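In my numbering, the protein residues as written are 1 to 434. Idealized CB from N, CA, C, for every residue including glycine. Only a predicted model underlies this, so the values are computations on that prediction, with no experimental measurement involved. Beneath this line is the structure, given in structure tokens, with notes to follow.
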Amino acid sequence: MHFKKQLLALAVSSLTITPVLATNGMNLEGYGPIATGMGGASMAYDNGTAAMMNNPATLGLADDGARLDLAIGFLGPDVEVVGGQSSGGDSYIMPAAGYTRRSGNLTYGIGMFAQGGMGTEFAMGIDGMEERSELGVGRLILPLAYNVNDNLTVGGSVDFVWAMLDLKMAMPLANMAGLITEPGNGTLGGALGDMMTAGYDNARLDFSDGSDYTGKAKGTGFAGKLGFTYKINDMATIGASYHTKTSLNDLETSASGASLIVTDTVNPTQEVPGKITVKDFQWPSTFGMGISVKPTDQWMFAADIKKIGWEDVMEDFTMTYSSMGDSVTFALPQYWEDQTVFNLGAAYKATDKLTLRAGLNLADNPIPDSTMHYLFPAIVKDHYTVGFGYDINDMSSVNFSLQHAPEVTQTNSTFGYTVSHAQTSWQLMYSANF
Numbered sequence: 001m002h003f004k005k006q007l008l009a010l011a012v013s014s015l016t017i018t019p020v021l022a023t024n025g026m027n028l029e030g031y032g033p034i035a036t037g038m039g040g041a042s043m044a045y046d047n048g049t050a051a052m053m054n055n056p057a058t059l060g061l062a063d064d065g066a067r068l069d070l071a072i073g074f075l076g077p078d079v080e081v082v083g084g085q086s087s088g089g090d091s092y093i094m095p096a097a098g099y100t101r102r103s104g105n106l107t108y109g110i111g112m113f114a115q116g117g118m119g120t121e122f123a124m125g126i127d128g129m130e131e132r133s134e135l136g137v138g139r140l141i142l143p144l145a146y147n148v149n150d151n152l153t154v155g156g157s158v159d160f161v162w163a164m165l166d167l168k169m170a171m172p173l174a175n176m177a178g179l180i181t182e183p184g185n186g187t188l189g190g191a192l193g194d195m196m197t198a199g200y201d202n203a204r205l206d207f208s209d210g211s212d213y214t215g216k217a218k219g220t221g222f223a224g225k226l227g228f229t230y231k232i233n234d235m236a237t238i239g240a241s242y243h244t245k246t247s248l249n250d251l252e253t254s255a256s257g258a259s260l261i262v263t264d265t266v267n268p269t270q271e272v273p274g275k276i277t278v279k280d281f282q283w284p285s286t287f288g289m290g291i292s293v294k295p296t297d298q299w300m301f302a303a304d305i306k307k308i309g310w311e312d313v314m315e316d317f318t319m320t321y322s323s324m325g326d327s328v329t330f331a332l333p334q335y336w337e338d339q340t341v342f343n344l345g346a347a348y349k350a351t352d353k354l355t356l357r358a359g360l361n362l363a364d365n366p367i368p369d370s371t372m373h374y375l376f377p378a379i380v381k382d383h384y385t386v387g388f389g390y391d392i393n394d395m396s397s398v399n400f401s402l403q404h405a406p407e408v409t410q411t412n413s414t415f416g417y418t419v420s421h422a423q424t425s426w427q428l429m430y431s432a433n434f
């Protein structure tokens, strides 16, 4: 009961989970240091309670009893507009926790994990003020797995999902006007027209609470997962999982939680307070399948392939600004492509207590040149990972992974600027079995 109370407290605190700049598009390259140390491969072997983020059926591969995992992750993106500024958003902390219990053929539990996100921070935009973005998505998960027989395990989860967004984005006023899909017909629309006529140079959308743990615009919803594993023989197991597209409410600020600001060098700065609604932001569906092979007691190899459906959810980034009894809708084109990810990993049991891991995470960049934006540069591709697990005693262990994504550069073909992005990150987890 004590462990359950601890986990419930952690789950509640996760509602302020740190937004992160993610790596397979907006997803993390792996969930849990066991899987991440093996390149993110996770479909067909026991990888701890992080299975509820990967393939919940693998929870049924654990031994009888309960397991509590407490984890902390660090993400260190290195983003730069080449020839310009470096992003100050270079350090993000990600907590995670999971509790599961296997009783006979049934395994159940609860956990919370950071799903992913993206963001940057630049000291000065075209209007001389800070620009930043910070999108974070997290999940509180209720998984269930059932061992149908000695070979087949099925599993699923119900996920409560939350998303948070901060944005300080500046651009020429004429460019912002070009993004309008639904112009205002009242006071706000008239005010924007007057600003254009007056010759204002720049405009910005500004909504940010300044916190590393929350966002000014918030939304919640649900999603789910289904999966299975099948033991082919004593050496090989296959597995697969399907993660549904989320059903999130629109992300919203309070009625006066945002500002539309116009500036130039001649006219006085004008600020119009109002409300931002981010329309139909969703996390994509994912299908993954994989195999694990254990040819000896010391070696295990794993390989997965995943398909992430970015195209369905990242056609554009649509925001409605409401103020003065009127509203204007902007659509920032994205046109992301679906992403295929290959996860390859190996584990070597060096001693009775120590396991060494290494892996590769290979993926394409889903963002086209024409719409890549320096505030949303989720452009990294491949990752190299290493890790280890150490059994402290029969009841507890630690696992660690280290990941590096080599630098990727991409040039926006519309505006001509180039962004570079590399990452180094790690995950650390303490596990108790009881």
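7 Å Cβ shell around residue i - same chain, five flanking residues per side excluded
i: W310; result: G25, P284, W336, E337, D338, Q339, P366
i: F376; result: M118, S133
i: Y374; result: V81, T120, Y417, V419
i: I232; result: I238
Exposed unless 16 or more other CB atoms sit within 10 angstroms - verdict on residue i
i: G178; result: exposed
i: W426; result: buried
i: K353; result: exposed
i: V82; result: exposed
i: A350; result: exposed
i: P406; result: exposed
i: M372; result: buried
i: T409; result: exposed
i: S247; result: exposed
i: T296; result: exposed
i: Q298; result: exposed
i: F222; result: exposed
i: F434; result: exposed
Nearest candidate by alpha-carbon position, reference residue i, set the options
i: F400; options: G73, M53, D212; result: G73
i: T214; options: Q85, G227, Q410, I93; result: I93
i: T197; options: A350, N267, N27; result: N267
i: D369; options: T414, G136, P406; result: T414
i: Y384; options: A96, L402, H421; result: L402
i: T424; options: V408, H404, K307; result: H404
i: N47; options: G416, L205, D159, F388; result: F388
i: M43; options: Q410, M372, S259, G227; result: G227
i: G76; options: A422, S431, I261, M429; result: A422
i: Y230; options: V293, A170, L205, S247; result: V293
i: A347; options: A331, S322, V386; result: V386
i: M171; options: M129, T153, M38, D78; result: M129
i: Y321; options: I392, D206, E80, V161; result: D206
i: Y200; options: T237, I180, E182, I261; result: I261
i: K307; options: Y242, A331, P56; result: Y242
i: M429; options: G125, P95, R204; result: P95
i: Q334; options: I392, T220, E315; result: E315
i: D234; options: I291, G224, M176; result: I291
Nearest-angstrom Cβ-Cβ length linking residue i and residue j, presumed shorter than 8 Å
i: S208; j: K168; result: 6 Å
i: A217; j: V278; result: 6 Å
i: F122; j: S87; result: 6 Å
i: L70; j: A97; result: 5 Å
i: M319; j: F330; result: 5 Å
i: G155; j: P33; result: Contact flag wrong, Cβ pair sits at about 21 Å.
i: N249; j: G219; result: 4 Å
i: G184; j: I141; result: The Cβ separation is near 41 Å, so there is no contact.
Own chain, CB closer than 6 Å to residue i, minus 5 neighbours either side, in chain order
i: G109; result: Y99, T100, P143
i: T263; result: D127, N202, T269
i: A9; result: At A9 the pLDDT is 41, less than 50, meaning the model places this residue with poor confidence and gives no usable figure here.
i: I17; result: Below a pLDDT of 50, predicted positions are generally treated as unreliable, and I17, at 49, falls in that range; no measurement from the model is reported.
i: V313; result: Q282, P284
i: V398; result: Y390, Y430
CA-to-CA distance, residue j to residue i, given in whole angstroms
i: K245; j: L61; result: 26 Å
i: L192; j: A255; result: 19 Å
i: T148; j: N105; result: Correcting the residue identity first, residue 148 is Val in this sequence and not Thr. Distance between the alpha carbons of V148 and N105 is about 7 Å.
i: A41; j: A163; result: 26 Å
i: F3; j: T58; result: Low confidence applies here, because F3 scores a pLDDT of 39, under 50, leaving its location unreliable and the question unanswered by this model.
i: S91; j: D150; result: 44 Å
i: R357; j: G345; result: 7 Å
i: S420; j: V380; result: 9 Å
i: D159; j: Y390; result: 30 Å
i: Y45; j: V341; result: 18 Å
i: T411; j: D364; result: 16 Å
i: A174; j: F317; result: 18 Å
i: L251; j: L68; result: 32 Å
i: D304; j: M289; result: 6 Å
i: I180; j: L332; result: 9 Å
i: T153; j: Y146; result: 6 Å
i: D280; j: L28; result: 22 Å
i: M53; j: G189; result: 44 Å
i: A51; j: M176; result: 43 Å
Beta-carbon proximity list for residue i, same chain, < 8 Å, skipping 5 on both sides
i: G186; result: M324, G325, D326
i: D64; result: R102, S103, G104
heavy atom of the ligand PLP below 7 Å from residue i C-beta
i: T355; result: In the structure on display, the ligand PLP does not appear, and there are no ligands present to speak of.
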